[in-house]
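With the UniProt record's numbering, letter number 32 in the sequence shown gets 32, and the count goes up by one each step, no holes.
Heads up, the beta-carbon is just placed ideally off N, CA and C, and yes, glycines get one too.
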Amino acid sequence: MREFLHGAALLGRGFSFWRRRPGAMALGLLPAAIVGALLLTGLIALAVNLPALTASVTPFAEGWPGLWAGVIRIAAGTAMLGGALVIVAVSFTAATLVVGEPFYERIWRAVEREAGDPPQDSTYGFWRGVGDAVALVARGVGVALLAGLTGLVPVVGGALGAIVGVTLTGWLLADELSSRALSARGIPAPQRRRLLRAHRARALGFGVATQLCFLVPLGAVASMPAAVAGSTLLARSLLAENSTAAAGHRPVDPRVERDGPGRSARIGS
Numbered sequence: 001m002r003e004f005l006h007g008a009a010l011l012g013r014g015f016s017f018w019r020r021r022p023g024a025m026a027l028g029l030l031p032a033a034i035v036g037a038l039l040l041t042g043l044i045a046l047a048v049n050l051p052a053l054t055a056s057v058t059p060f061a062e063g064w065p066g067l068w069a070g071v072i073r074i075a076a077g078t079a080m081l082g083g084a085l086v087i088v089a090v091s092f093t094a095a096t097l098v099v100g101e102p103f104y105e106r107i108w109r110a111v112e113r114e115a116g117d118p119p120q121d122s123t124y125g126f127w128r129g130v131g132d133a134v135a136l137v138a139r140g141v142g143v144a145l146l147a148g149l150t151g152l153v154p155v156v157g158g159a160l161g162a163i164v165g166v167t168l169t170g171w172l173l174a175d176e177l178s179s180r181a182l183s184a185r186g187i188p189a190p191q192r193r194r195l196l197r198a199h200r201a202r203a204l205g206f207g208v209a210t211q212l213c214f215l216v217p218l219g220a221v222a223s224m225p226a227a228v229a230g231s232t233l234l235a236r237s238l239l240a241e242n243s244t245a246a247a248g249h250r251p252v253d254p255r256v257e258r259d260g261p262g263r264s265a266r267i268g269s
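As structure tokens, this is what we get:
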């Protein structure tokens with residue numbers, strides 16, 4: 001739980017950059033607002049047509065008693081809405097990062113410079129961003145299907161599907177948002193994911209906190225610049241932890257074990 005809260009706190013530290021870098025953070029609102037408006041329009045259209053859609057996918061419930069027909073249709077509607085929210089969250093992140101590449105690169109560089117020891121100049125690249133966006137949406141569709149199927153479980157399906165959706169979407173967001181800072185250090189995708197899995201609770205804490213902010217009305221737009229800043233801090237914290245762990249497992253000089261540190265120093269000199 002401590003690591004989970006540590007990850008969530010990194011998003012809070014991302015919000016603190018509004019005070020230190022207000023110009024760069026404000027620019028990050030523009031692409032988020034454009035993409036958010038488009039996706040919100042689609043989500044509203046889905047909500048308006050949800051009763052008709054649930055009736056069309058549950059024709060077998062037509063002859064059922066009113067109570068049971070209502071239960072199955074509520075479950076189906078909840079599953080569809082939950083799946084749509086997952087797809088909207090990952091699509092928003094993917095599209096916003098592509099559209100706002102220059103703005104978010106500016107935020108990332110500002111955080112790296114302030115934190116110290118920034119990586120060498122590197123460009124993430126438009127087409128690389130597009131490829132990552134497509135992969136993120138594809139994985140998001142898989143999560144949406146899983147959350148939707150979980151939501152069909154009677155009685156507890158709605159709550160269980162929401163938990164599954166938020167948790168798995170949070171993991172996807174942590175992976176995607178931290179990819180820029182890790183890729184800039186020459187870390188390929190498989191190694192990035194191994195690093196996240198090694199610190200699963202911290203990554204989930206950051207991702208789940210981000211996803212919960214995205215679910216608040218207008219929260220996705222307001223949170224996106226902070227999520228970019230916070231994910232940079234997340235990546236740096238994971239690398240620092242990994243370096244510390246590696247240093248702790250360095251092989252000990254046998255002369256130190258045998259003769260003690262003073263004797264070893266004299267031999268080395």
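**OP:** Using 10 angstroms around the beta-carbon of Q211, count the other beta-carbons present and answer buried if the total reaches 16, otherwise exposed.
**Re:** Position 211 of the sequence shown, counting from 1, holds the residue named residue 211. Label assigned to Q211: buried.
Original post:
Do P31 and G100 have their C-beta atoms within less than 7 Å of each other?
Top reply: Position 31 of the sequence shown, counting from 1, holds the residue named residue 31. Position 100 of the sequence shown, counting from 1, holds the residue named residue 100. Cβ distance < 7 Å, so P31 and G100 count as in contact.
Subject >> Per-residue burial, M80 [other beta carbons within 10 Å of its own, 16 or more giving buried] >> reply: Here residue 80 refers to the residue found at position 80 when the sequence shown is read from its first residue. M80 is buried by the Cβ-count criterion.
Original post:
Taking Cβ to Cβ, would you say W171 is nearer than 7 Å to G142?
Top reply: Within the sequence shown, residue 171 is the residue found at index 171, counting from 1. Within the sequence shown, residue 142 is the residue found at index 142, counting from 1. No, the pair does not count as a contact, with Cβ atoms beyond the cut-off.
Subject >> Cβ distance (whole Å) where L136 is taken to contact T167 below 8 Å >> reply: Within the sequence shown, residue 136 is the residue found at index 136, counting from 1. Within the sequence shown, residue 167 is the residue found at index 167, counting from 1. Contact flag wrong, Cβ pair sits at about 16 Å.
**OP:** Could you have a look at R19 and say whether DSSP puts it in helix, strand or coil?
**Re:** In the sequence shown, residue 19 corresponds to position 19, counting from 1. Residue state, collapsed to three classes: helix.
Original post:
Three-state secondary structure (DSSP) at Q120?
Top reply: Numbered from 1 along the sequence shown, position 120 holds the residue referred to as residue 120. In this structure, Q120 counts as coil in the three-state DSSP scheme.
**OP:** Check each candidate in S237, R236, P225 and name the one with the smallest Cα separation from G14.
**Re:** As a first step, residue 14 must be located in the sequence shown, where it is residue number 14. G14 has its Cα closest to that of P225, out of S237, R236, P225.
Original post:
Around the C-beta of R2, are 16 or more other C-beta atoms found within 10 angstroms, so that it is buried, or is it exposed?
Top reply: For the purposes of this step, residue 2 is taken as the residue at position 2 of the sequence shown. Classification of R2: exposed, given that the 10 Å Cβ count is below 16.
Original post:
Is it the case that the Cβ atoms of I169 and V86 are separated by a distance below 7 Å?
Top reply: Translated into positions along the sequence shown, residue 169 becomes position 169. Translated into positions along the sequence shown, residue 86 becomes position 86. The amino acid occupying residue 169 in the given sequence is Thr; Ile does not appear at that position. Going by C-beta atoms, T169 is nearer than 7 Å to V86.
Original post:
What number of angstroms, rounded off, separates the C-alpha of A90 from the C-alpha of G7?
Top reply: For the purposes of this step, residue 90 is taken as residue 90 along the sequence shown, with counting starting at 1. For the purposes of this step, residue 7 is taken as residue 7 along the sequence shown, with counting starting at 1. What sits at residue 90 in the sequence shown is Val, not Ala. Using only the alpha carbons, I get a separation of about 19 Å.
Original post:
For residue 316, which of P154, G66, A55 has the nearest alpha-carbon?
Top reply: A query on residue 316 cannot be resolved here, the shown segment of the chain reaching from 1 to 269 and no further.
**OP:** Note the first and the last residue of the continuous alpha helix (DSSP H) segment covering R180.
**Re:** In the sequence shown, residue 180 corresponds to position 180, counting from 1. Run containing R180: 157-183, per the alpha helix (DSSP H) assignment.
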